[in-house]
Amino acid sequence: MSEFKTLRGMRDLLPEEARMMIFIQDTARRVARLYGYKEIITPVVETYELLAAKAGDEVRSRMFAFKDLGGRDVALRPEFTASVARLVATTFKNEAKPFRIFCLGSVYRYDEPQRGRHREFWQSDYELIGASRPEADAEILILTDRLMREAGLKDVAMKIGHVGVIRGILSQEGVDDREQNAVMQLMDKKEYGSAISLAEKSGISEKCVKVLEQLVQCKGNSVFEVIDRMKELAKDYGKSLESVENLKQILDLVTGNDDVINVSVDAGFARGLEYYTGMVFEMFIPTLDIALGGGGRYDKLVELFGGESTPAVGVAHGLDRVLLGLQNQKMTPKAEGRKTVFVFPIKEEQRAHALRISKLLRDAGIMVEDEVMGRKMTKALEDADRRKMDYAIIVGERELKEESVVIRDLKKRQQHTVKIDQLLNELRT
Ligand code: HAM
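Following this line, the structure appears as structure tokens:
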């Protein structure tokens with residue numbers, strides 16, 4: 000039989016990476032709690048129809064989709080937003096708004112594997128349901144910035160756009176939703192020339208072509224200058240202008256925050272998922288050219304799933320990329336500073352006593368490893384030393400008679416006898 004390997008695009012996280020991943024997940028959960036987001040757990044497998052509805056061609060074509068044994072068309076979730084919108088349209092339909100939901104788990108896309116791009120990856124997903132005001136968009140942006148900083152990343156930057164700016168223009172020019180989606184997909188790939196040609200084929204005016212050509216060039220860190228330029232370009236397109244104004248209000252809130260968030264505006268910025276109706280954004284750090292997270296406003300999705308018209312805004316953070324970013328920036332979360340103890344019975348007769356001592360230590364929250372290999376003391380202690388454990392507790396007949404054990408400091412290579420009822424005190428000091 001040939002050697003088994005993980006599937007292409009799938010990977011194992013070994014202890015050190017797994018520890019970092021769990022640290023990032025703990026940080027995501029802590030930030031969720033800080034902002035009042037309640038965690039829910041949704042299924043990995045959902046109906047294809049739900050997941051595909053507004054995923055956009057790119058994500059749709061990369062779904063792990065199959066028929067289950069009951070003949071249903073199903074898929075592994077490529078993201079959480081569709082599942083949350085399903086709940087908001089059904090189980091949570093009478094929930095008071097605003098309503099804050101948090102999900103964390105693995106998601107699946109048949110992407111071409113490369114650095115930071117896997118077929119199974121982890122997201123933390125925050126959805127703020129029921130609020131249409133710019134404060135809600137700003138909350139998602141500020142929360143994302145906080146998460147990235149608390150995870151330990153440096154020089155985090157955000158790129159912000161608003162799909163309403165270009166869609167507003169296309170709508171006024173009579174381009175239907177389906178054609179608009181195709182244009183936005185090309186914009187997402189930064190194929191602006193092809194995007195504008197496609198819009199031309201849908202019958203937009205010459206003036207509109209000029210406006211779009213200039214709009215997609217509008218970007219930069221002087222966000223309010225970019226906004227003024229966008230206003231000027233969109234001045235004849237009412238809905239588009241409203242979108243620029245909405246973007247400005249969001250930026251006012253984000254840049255007025257105490258923690259100055261590094262933002263840039265990009266008028267031609269679109270995202271692969273089709274459900275966005277307003278502000279869209281992505282996060283970056285200097286050493287990685289792929290987004291560490293992204294999201295935006297989607298005011299029509301809940302309605303599409305049969306619920307009431309419900310405004311919503313959210314974000315998903317790519318936790319594998321946060322991990323990669325931390326590795327790039329040489330930021331390793333501190334290991335728990337806890338003591339580790341190895342408990343060794345000298346003879347078989349002391350095994351039960353040794354287990355009782357282990358229990359005593361574990362009850363006090365100390366990490367204990369028991370001897371399970373039946374080794375001689377020298378070998379077992381050498382191994383505990385090699386694995387950088389702090390102490391060995393040696394349980395022997397003579398000491399037990401005096402309610403004592405030997406405690407050996409593996410780092411200092413010193414040992415002495417200690418009463419069992421003093422053991423915890425000794426380890427704590
Ligand atoms: P998304 O931009 O498709 O948005 O994914 C969010 C993040 O997941 C990306 O920014 C990236 O960090 C990570 N990611 C995406 N694909 C991969 C991959 N193949 N390997 C590793 N990481 C990846 C969403 O999923 C939306 N549901 C976000 C959202 C929530 N919008 C509103 N609410």
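Sequence positions in the sequence shown follow numbering that gives the first Met the number 0 and run 0 to 428. Where a beta carbon is used, it is the ideal one built from N, C-alpha and C, also for glycine.
| Asked | Found |
| --- | --- |
| Can you name the start and end residues of the alpha helix (DSSP H) that residue 237 belongs to? | 237–254 |
| Rounded to whole angstroms, how far is the Cβ of residue 250 from the Cβ of residue 262, which I believe are closer than 8 Å? | 7 Å |
| Can we say the region 46–57 touches the region 116–132, given the rule of at least three CB pairs closer than 8 Å? | no |
| Sort 103, 330, 391 and 311 by Cα distance to residue 344 and report the nearest one. | 391 |
| Less than 8 Å between the CB of residue 326 and some heavy atom of the ligand HAM, yes or no? | no |
| Name the DSSP beta bridge partners of residue 159, please? | 264 and 280 |
| In whole angstroms, what is the alpha-carbon distance linking residue 77 and residue 110? | 11 Å |
| Note down, in chain order, each residue of its chain lying with its Cβ closer than 7 Å to the Cβ of residue 332, except the 5 sequence neighbours on either side. | 19, 22 and 151 |
| Does the ligand HAM have even one heavy atom less than 8 Å from the beta-carbon of residue 297? | yes |
| In its own chain, which residues sit with a C-beta less than 6 Å from the C-beta of residue 429, not counting the 5 before and 5 after it? | Summary: the structure shown does not reach residue 429, with the chain confined to residues 0 through 428, and so no result is reported for it. |
| According to DSSP, which residues form a beta bridge with residue 344? | 394 |
| Ignoring anything shorter than 3 residues or poking outside the region 90–147, list the beta strand (DSSP E) runs there in chain order. | 98–107 and 119–128 |
| Just verifying my parser: in three-state terms, what is the DSSP assignment at residue 329? | coil |
| Return yes when the C-beta of residue 303 is under 8 Å from any heavy atom of the ligand HAM, and no when it is not. | no |
| According to DSSP, what are the bridge partners of residue 414? | 407 |
| Is residue 106 near the ligand HAM, judged by its Cβ being under 8 Å from some heavy atom? | yes |
| How would you write the range of the alpha helix (DSSP H) that residue 198 sits in, first residue to last? | 191–200 |
| Look up residue 299 in the DSSP assignment and say whether it is helix, strand or coil. | coil |
| Residue 413: buried (16+ other C-beta within 10 angstroms of its C-beta) or exposed? | exposed |
| At which residue ranges does the region 337–385 contain complete alpha helix (DSSP H) runs of 4 or more residues, listed in the order of the chain? | 350–362 and 376–385 |
| Rounded C-beta distance between residue 166 and residue 179? I'm assuming under 8 Å. | 6 Å |
| According to DSSP, is residue 231 helix, strand or coil? | helix |
| Compute the Euclidean distance between the alpha carbons of residue 15 and residue 28, then round it to the nearest angstrom. | 20 Å |
| Below 8 Å, is the gap between the Cβ of residue 80 and the nearest heavy atom of the ligand HAM? | yes |
| Compare the Cα-Cα distances from residue 135 to each of 322, 348, 279 and 176 and report the closest residue. | 279 |
| Have a look at residue 393 and residue 346 and give me their C-alpha separation to the nearest angstrom. | 10 Å |
| Applying the 10 Å Cβ sphere with the 16-neighbour rule, what's the burial state of residue 92? | exposed |
| Which residues in the same chain as residue 327 place their Cβ atom closer than 7 Å to its Cβ, once the five residues preceding and following it in sequence are excluded? | 286 and 287 |
| Sorry if obvious, but does the Cβ on residue 406 come closer than 8 Å to a heavy atom of the ligand HAM? | no |
| Just the Cα atoms here: how many angstroms apart are residue 31 and residue 253? | 19 Å |
| Under 9 Å, do residue 65 and residue 74 count as touching if we go by C-beta distance? | yes |
| Evaluate the contact criterion for the region 206–224 versus the region 126–142: three or more CB pairs, one atom per stretch, below 8 Å. | no |
| Look up residue 26 in the DSSP assignment and say whether it is helix, strand or coil. | helix |
| Compare the C-beta of residue 249 with all C-beta atoms of chain D and state if any pair is closer than 9 Å. | No chain D appears in this structure, which consists of one protein chain only. |
| Would you grab the beta carbon distance between residue 240 and residue 210 for me? Rounded to a whole angstrom, and I think it's under 8 Å. | The Cβ separation is near 12 Å, so there is no contact. |
| Provide the residue span of the alpha helix (DSSP H) that contains residue 46, from first to last. | Premise fails: residue 46 lies in the beta strand (DSSP E), 44–46, not in any alpha helix (DSSP H). |
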